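Numbering follows our numbering, with no gaps: position 197 of the sequence shown is 468. Positions of the beta carbon are idealized from the N, C-alpha and C atoms, including for glycine. A quick note: this is a predicted structure, and the numbers were derived from the prediction, not measured.
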Amino acid sequence: MSIAENVAQVRERIAAAARRAHRHPEEITLMAVSKMVEPARIRQGHEAGLRVFGENRVQEFADKVGSVKALDGCDWHLIGHLQSNKASKAAELFHGVDSIDSLRLAEKLNAAATGLRRKLQTLLEINIGGEAAKSGLAPDSQELASILRAAPTLQALQIRGLMALPPFTDNPEGARPYFRKMRQLRDAIADRKFPSVTMETLSIGMSHDFEIAIEEGSTCVRVGTAIFGERPQP
Ligand SMILES: *Cc1c(COP(=O)(O)O)cnc(C)c1O
């Protein structure tokens, strides 16, 4: 199937999942994950109407940005772990960083974006399965609370919600309890009304489980394989 056909099919599945959950499909952003995807195929995705893209690595995007920056109206987000020594490069290249996982990184990004007179859309990444191999903030951590409290001083960052990658299970239903916990955490943080923080975005759901994520309240699904096909192994 072509990329355009894949995009159409993913959009239909998003709409069907939204209807099942009595939600409006327009509430859900389709982020196309274009890591390891070459610019010509990204361009095909753009022609099929994709406008929000997720990349995993600063260096990979730095290498291809020249070939994709002419595409109209695109929003590029970093969704992979960011080392603080690459914060200034990330602030320069991306519109959003969805993988903030420490106060130190938030401060570095804020300083870099301030220097560039840019505003960055950001999400806080939560390690919802408590997995040692994954980055992200523990849901009940002091570190998470510190970032939320520091938001008014992080003036170049718009903290807009949470992102998570639950433990992988063959059966996508295995992700449901983690998605539900993410929704509850998002709502609990929103209730506390931290100044300069909104919780409008809940970025959960990937190719094999995005419908379940939508049923559980996702507002942004990050879909790679179902749009661009299997990735080559790095
Ligand atoms: C690769 C990746 C995705 C997309 O995964 P697919 O299974 O290909 O849809 C989503 N989110 C993050 C953080 C990723 O690294």
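Every alpha helix (DSSP H) of 4 residues or more that sits fully in the segment 430–481 is shown, in chain order, as 447–462. DSSP, reduced to helix, strand and coil, places T496 within a helical segment of the structure shown.
Around ligand 1, the residues selected by a Cβ distance under 7 Å to any of its heavy atoms are V304, K306, G325, N327, I350, G351, L436, M477, S478, H479, R493, V494, G495, T496, A497, R502, following chain order.
In this structure L394 touches T472 by the C-beta definition: roughly 6 Å separates them, less than 8 Å. DSSP places L364 inside the alpha helix (DSSP H), whose first and last residues are 358–364.
Cβ atoms of G325 and R457 stay farther apart than 8 Å, at about 19 Å. The beta carbon of L321 sits closer than 6 Å to those of A303, all from its chain and outside the five residues before and after it, given in chain order.
Contact between the segment 333–346 and the segment 281–296 is not established, with fewer than three Cβ pairs separated by less than 8 Å. When DSSP reads this structure, C345 sits in no beta bridge, so it has no partner. Distance from the CA atom of H295 to the CA atom of P503, rounded to whole angstroms, is 35 Å. For G351, no alpha helix (DSSP H) segment is defined, and its DSSP state is neither H nor E. Ranked by Cα distance from Y449, the options A319, G400, E378, S478 are led by G400. The residue from T300, A311, A382 with its alpha-carbon nearest to that of H348 is T300. In this structure, G495 sits near S478, with a CB-CB distance shorter than 8 Å. With a beta-carbon spacing of about 6 Å, R312 and F499 fall inside the 8 Å limit used to define contacts. In the assembly as shown, S338 is an exposed residue. Its beta-carbon has fewer than 16 other beta-carbons within 10 Å. Scanning its chain for C-beta atoms nearer than 6 Å, with the 5 sequence neighbours on each side dropped, one finds around P437 the residues I399, G400, A446, Y449, in chain order.
Burial of K379 is indicated by the presence of at least 16 other C-beta atoms within 10 angstroms of its C-beta.
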